[in-house]
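The sequence shown begins at 2 in the working numbering and counts up one residue at a time. Data block below; observations after.
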Amino acid sequence: MTRVLVIDDEPQILRALRINLSARDYDVRTAATGKEALRVAADFKPDVVVLDLGLPDMSGIDVLAGLRGWLTAPVIVLSARTDASDKVQALDAGADDYVTKPFGMDEFLARLRAAVRRSSSSGGSTEPIVETSSFTVDLANKVVTKAGAEVHLTPTEWGILELLVRNSGRLVTREQLLTEVWGPTYAKSSHYLRVYLAQLRRKLEDDPAHPVHLLTEAGMGHRFRP
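Right, dumping it as structure tokens:
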């Protein structure tokens, strides 16, 4: 059974999600505060986390940071905050998706299934080290090196690179990159992608103007070539 931890201080949300998830054979635990959430997560070791940002005792971002210190499971933020800056902050802090309240249960369950599938297909605890002629990507430790030195990447830059590397050789559409890294409301914001890919190329490619690893296919998407 897939283990799901739901963190929210609204009793009706906890009850609705517990009922709907349990009915679909998920193993569900709930927490109404940040401190309780961190304790339950340590004991329960969830496969996926659903996290509200507005908790009574601490910021949901702080909870996310605490979880990301050791937990690699996907985190879906569930929040009434619709401001773009809140979404960017959550995604940069390590969230995998962002769902705004009120939400449709069918859409939420679809997002949950997608997060679990992505996590399952990422290869478990043993992650490969991918080497190119210009740089090396350590997926397990989230470290990139070039000429023997570690390259500092922002969380957003890492999110783009990781998605491309995990789909090595395959075309990843602009919409997929934007949705998975920034969230579904950014699916058409291709200017974000252009800026961050340019930054990645400057940091990683030997000749950023003529990239050989981080490729763009006009009108379609992007591809990683080892």
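Built from N, CA and C at the ideal position, the CB exists for glycine as well.
Could you check the C-alpha separation between residue i and residue j for me, to the nearest Å?
| i | j | result |
| --- | --- | --- |
| Phe136 | Glu218 | 21 Å |
| Lys102 | Ile14 | 10 Å |
| Gly220 | Gly170 | 17 Å |
| Asp58 | Ala148 | 45 Å |
| Asp63 | Leu72 | 14 Å |
| Gln177 | Val117 | 16 Å |
| Val29 | Phe109 | 15 Å |
| Asp207 | Glu158 | 17 Å |
| Glu11 | Met2 | 25 Å |
| Thr155 | Val50 | 23 Å |
| Leu18 | Ala66 | 23 Å |
| His223 | Leu68 | 31 Å |
| Asp139 | Val152 | 12 Å |
| Leu39 | Pro227 | 38 Å |
| Gly95 | Ser134 | 29 Å |
| Asp9 | His211 | 47 Å |
| Val145 | Arg16 | 42 Å |
| Trp183 | Phe104 | 18 Å |
Can you tell me which residues form a DSSP beta bridge with residue i?
| i | result |
| --- | --- |
| Ile8 | Ala32 and Leu52 |
| Lys147 | Ala150 |
| Phe225 | Leu215 |
| Ile161 | In DSSP, Ile161 forms no bridge with anything. |
| Thr137 | Glu132 and Thr146 |
Excluding the 5 residues flanking residue i on each side, which residues of the same chain have their C-beta closer than 7 Å to its C-beta?
| i | result |
| --- | --- |
| Arg112 | Ile77, Asp98 and Val100 |
| Pro209 | Arg202 and Arg203 |
| Met106 | Asn21 |
| Leu194 | Arg175, Leu178 and Leu179 |
| Tyr197 | Thr157, Glu158 and Ile161 |
| Lys143 | Trp159 |
Who are the Cβ neighbours of residue i in its own chain at under 6 Å, not counting the five residues just before and after it?
| i | result |
| --- | --- |
| Val213 | none |
| Gly124 | Any answer about Gly124 is weak, because its pLDDT of 46 lies below 50 and its placement is not dependable; what the coordinates show is given next. Once the five neighbours on either side are set aside, Gly124 has no close Cβ partner at all. |
| Ala35 | Before going on, a small fix: residue 35 reads as Gly here, not Ala. The residues are Leu56, Asp58, Met59 and Val64. |
| Asp87 | none |
Using C-beta distances below 8 Å, list every residue in its chain close to residue i, excluding the 5 sequence neighbours before and after it, in chain order.
| i | result |
| --- | --- |
| Ala85 | Thr186 |
| Pro47 | Arg4, Val5, Leu6, Arg30, Leu72 and Ala74 |
| Ala91 | Leu54, Gly61, Ile62, Leu65, Val78, Ser80 and Tyr99 |
| Arg25 | Leu110 |
By the 10 Å Cβ neighbour count, where 16 or more other Cβ atoms means buried, how is residue i classified, buried or exposed?
| i | result |
| --- | --- |
| Leu165 | buried |
| Ala74 | buried |
| Glu132 | exposed |
| Ser80 | buried |
| Ala150 | exposed |
Would you say residue i faces chain B, with C-beta separation under 8 Å as the test?
| i | result |
| --- | --- |
| Leu198 | This model lacks chain B altogether, as it is built from one protein chain only. |
What runs of the alpha helix (DSSP H), each 4 residues or longer, lie entirely inside the segment 51-102? You should have 61-69 and 85-93.
Counting only runs that start and end within the segment 167-209, where is the alpha helix (DSSP H) found for 4 or more residues in a row? Counting whole runs of 4 or more residues, the segment 167-209 contains the alpha helix (DSSP H) stretches 175-182 and 191-205.
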